[in-house]
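K.L.:
Protein chains in written order, with the numbering used here: chain E, 23 to 241; chain H, 886 to 1108.
Ideal Cβ placement from N, Cα and C applies to all residues, glycine included.
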Amino acid sequence: MNTTLRLSILASAALASLGWAGASQAQQNNMSFFITSVGSGKGGDLGGVAGADAHCQQLAAAVGAGNKTWHAYISTNSTPAAPGINARDRIGSGPWQNAKGVVIAKNVDDLHANAQINKATGLSEKGEPTKVRGDTPNQHDMLTGSDLQGRAFPPNLNLTCNNWTSGNFGSAMLGHSDREGIADTVYQHSWNSAHMSRDCTQPGLVATGGGGLFYCFAQ
Amino acid sequence: MNKVLRFSFMASATALLFGAIGAQAQQVPQAPNMSFFVTSTPIGKGGDLGGLAGADAHCQQLAATAGAGGKTWHAYLSSPELPTAKGINARDRIGSGPWQNEKGVVIATNVDDLHSANNKLTHETALTERGTMISGVGYTPVWHDALTGSDREGRAFPGNINMTCNNWSSSEFGKAMLGHIDRKGLADNDYARSWNSSHQSRGCSQADLIATGGNGLLYCFAQ
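#1: What is the DSSP secondary structure of threonine 1049/H, reduced to helix, strand or coil?
#2: Curious, which full-length beta strand (DSSP E) runs of at least 3 residues does the region 72–112 of chain E contain?
#3: Is the region 157–167 of chain E in contact with the region 80–92 of chain E, if contact means three or more CB pairs nearer than 8 Å?
#4: Taking C-beta to C-beta, are aspartate 1093/H and glycine 931/H nearer than 8 Å?
#5: Per DSSP, what are the beta-bridge partners of aspartate 1030/H in this structure?
#6: Name the chain H residues whose beta carbon is nearer than 9 Å to that of aspartate 206/E?
#7: Go ahead and pull the three-state DSSP assignment for glycine 936/H.
#8: Check whether chain E comes within 8 Å of tyrosine 961/H, counting only Cβ atoms and requiring the distance to be less than that.
#9: Using beta-carbon positions only, say whether asparagine 99/E and proline 177/E come within less than 8 Å of one another.
#10: Check whether the Cβ atoms of threonine 1049/H and serine 963/H sit closer than 8 Å, and answer yes or no.
#11: Listed in chain order, which residues of the region 1067–1091 of chain H have Cβ atoms closer than 8 Å to some Cβ of chain E?
#12: Are there 16 or more other CB atoms within 10 angstroms of the CB of glycine 989/H, so buried, or fewer, so exposed?
#13: Comparing the CB of glycine 144/E with every heavy atom of the ligand MG, is any distance shorter than 7 Å?
#14: I'd like the list of long-range same chain contacts for aspartate 169/E, defined as Cβ closer than 7 Å, with 5 residues on each side in sequence excluded.
#15: Along the region 998–1021 of chain H, where does the CB come closer than 9 Å to a CB of chain E? Name the residues.
#16: Where does glutamate 828/H land, buried or exposed, given buried means 16+ other C-beta within 10 angstroms?
#17: Using a C-beta cutoff of 8 Å, does leucine 37/E count as contacting chain H?
#18: Suppose you measure from the CA of glycine 972/H to the CA of leucine 934/H; what does that come to, to the nearest Å?
#19: Output the distance between the C-alpha atoms of alanine 908/H and valine 923/H, rounded to the nearest integer angstrom.
#20: Can you tell me which of the three DSSP states glycine 226/E falls into?
#21: Taking only three categories from DSSP, how would you classify alanine 216/E?
#22: What do you reckon, are the CB atoms on threonine 58/E and leucine 181/E nearer than 8 Å?
#23: Which value, in whole angstroms, describes the spacing of the CA atoms of alanine 1096/H and arginine 1087/H?
#24: Which residues in the same chain have their Cβ closer than 7 Å to the Cβ of aspartate 954/H, if we skip the five residues on either side of it in sequence?
#25: Alpha carbon to alpha carbon, what distance is there between glutamine 1091/H and alanine 121/E?
#26: Within this structure, are the beta carbons of phenylalanine 1106/H and histidine 1000/H separated by less than 8 Å?
#27: For a contact meaning CB atoms closer than 9 Å, what does methionine 1062/H contact in chain E?
#28: List the endpoints of the continuous beta strand (DSSP E) containing aspartate 132/E.
#29: If contact means a Cβ-Cβ distance below 9 Å, which residues of the region 200–230 of chain E contact chain H?
#30: If we cut at 8 Å on Cβ distances, does glycine 931/H have a partner in chain E?
#31: If we ignore side chains and look at the alpha-carbon of each, how far apart do serine 199/E and threonine 1033/H end up?
#32: Alpha carbon to alpha carbon, how far is serine 54/E from isoleucine 113/E? Give it in angstroms, no decimals.
#33: Do you know how far the Cα of glutamate 1009/H is from the Cα of asparagine 918/H?
#34: Please compile the residues from chain E whose C-beta is within a distance smaller than 7 Å of the C-beta of glycine 1044/H.
#35: Would you identify the three-state DSSP class for alanine 975/H, choosing helix, strand or coil?
#36: Would you check if there are 3 or more beta carbon pairs closer than 8 Å linking the region 1036–1051 of chain H to the region 1011–1026 of chain H?
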């Protein structure tokens, strides 16, 4: 094989590869919901709400969906002086669809009553399934810091790892992305408010079946 | 001074010393009408109280030392809603009141009064079974965090929240909801002033309870 031919094949392969990437990006441009493929790696320390949003934005941009404004589905704790930020108020009005185009909820109320988030639809920004109950490791615990309605907890509770700044103190309220848990209760089946983390360290999140992953939404 | 005399003095001093200790041990004031107190001592294993039964027994035992063991005592603790059982509310475990402290001061007339801004719980009235004040804010150590596992109405938290150290059986997992016995905290707000639902503990070990300003003390009530 001469040099010219070899170059030509390489160029074709490169073009084909670009073409593939383009197709996949076109599909994910319509994506408005995903589960982060990776967490911050620092447990409940997400760099605050702003850091969590930036993480969503960065992961979305990496797959060509960075043209939308992304927000993490997390609440901040209320303080005696001010109400907390409710996750439900941060995500636009819907509908939202995953990387494969499946609509997971039509609007905010629908999301908190009838969310179509489960093992099959809970995809990452890359369109890949999240490791859930039955997989190794189980990473179905999603950081939310929210109650069943997607609202902040009162000031006497710290279920937001100090408003997502602590990789140590506090605890995080977690949802189950696969809607499965250790018991048949409304909480264990909850996508957004299943149980608390042991603490806010990365190993603490891993210990209860998570990886510090969270939900991202865009309008 | 000769040796015999010196020995005699020493013996007297020793006798006095033992006498004092003996008197101190018997000195717990007898308050048979008491129907509310803060435990003077913790169980000592963090949030592991041996369940509600263990906590109740601790109340009963301390009450007995104060001559109030004739009543049935209960710890002011909630237990969580579980897949197999409903939650137990602290407010439903303590009878109907009124309750009075070791000095005879009525701290609340009934359950609703106890959970209102009208209750008479202060650092000065939230006394132990010995009639002593707990070491609160401004003192060392600060032991003002009482274990409650309850919301401000004295009710259990929902099943997704573990604020009872695994139903008062763990000194490792979970958190404990705490109230401020002295009604004081880092800031001046309703939560810092809450006697029963101020903030959660760092963890459920004895060391964690101490780190957040407590020692695993309990409120005890009798009818």
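P.N.:
On the basis of the data shown:
#1: In this structure, threonine 1049/H counts as strand in the three-state DSSP scheme.
#2: Within the region 72–112 of chain E, the complete beta strand (DSSP E) runs of at least 3 residues are 92–94.
#3: no
#4: Contact flag set, yes.
#5: His1065/H and Gly1099/H
#6: Near aspartate 206/E (Cβ distances below 9 Å), the residues of chain H are Pro968.
#7: helix
#8: no
#9: yes
#10: yes
#11: Ala1072, Asn1074, Asp1075, Tyr1076, Ala1077, Ser1079, Ser1082, Ser1083, His1084, Gln1085, Arg1087 and Gly1088
#12: exposed
#13: The model depicted lacks the ligand MG and carries no ligand whatsoever.
#14: Take aspartate 169/E, set aside five residues on each side of it, and the residues of its chain with a beta-carbon closer than 7 Å to its own are Phe175 and Ser215, in chain order.
#15: none
#16: Here chain H covers residues 886 to 1108 and nothing more, so residue 828/H does not appear.
#17: Annotation note: pLDDT 41 at leucine 37/E (below 50); position unreliable, coordinate value reported separately. Chain H contact via Cβ: absent.
#18: 17 Å
#19: Bear in mind that the predicted position of alanine 908/H carries a pLDDT of just 44, short of 50, making it unreliable; the figure below should be weighed with that in mind. So the two alpha carbons sit approximately 23 Å from each other.
#20: DSSP places glycine 226/E in helix when its eight states are reduced to three.
#21: coil
#22: no
#23: 8 Å
#24: At residue 954/H the sequence reads glycine, which differs from the aspartate that was named. The answer, listed in chain order, is Gln945 and Ala948.
#25: 48 Å
#26: Note that the C-beta distance between phenylalanine 1106/H and histidine 1000/H is not below 8 Å.
#27: Asn178 and Leu179
#28: Per DSSP, aspartate 132/E belongs to no beta strand (DSSP E); it is in the alpha helix (DSSP H), 130–136.
#29: Ile204, Ala205, Asp206, Thr207, Val208, Tyr209, Gln210, Ser212, Ser215, Ala216, His217, Met218, Arg220 and Asp221
#30: Chain E has no Cβ within less than 8 Å of the Cβ of glycine 931/H.
#31: 32 Å
#32: 10 Å
#33: 18 Å
#34: Thr207 and Tyr209
#35: helix
#36: Judged by Cβ distances under 8 Å, the region 1036–1051 of chain H makes no contact with the region 1011–1026 of chain H, as fewer than three pairs qualify.
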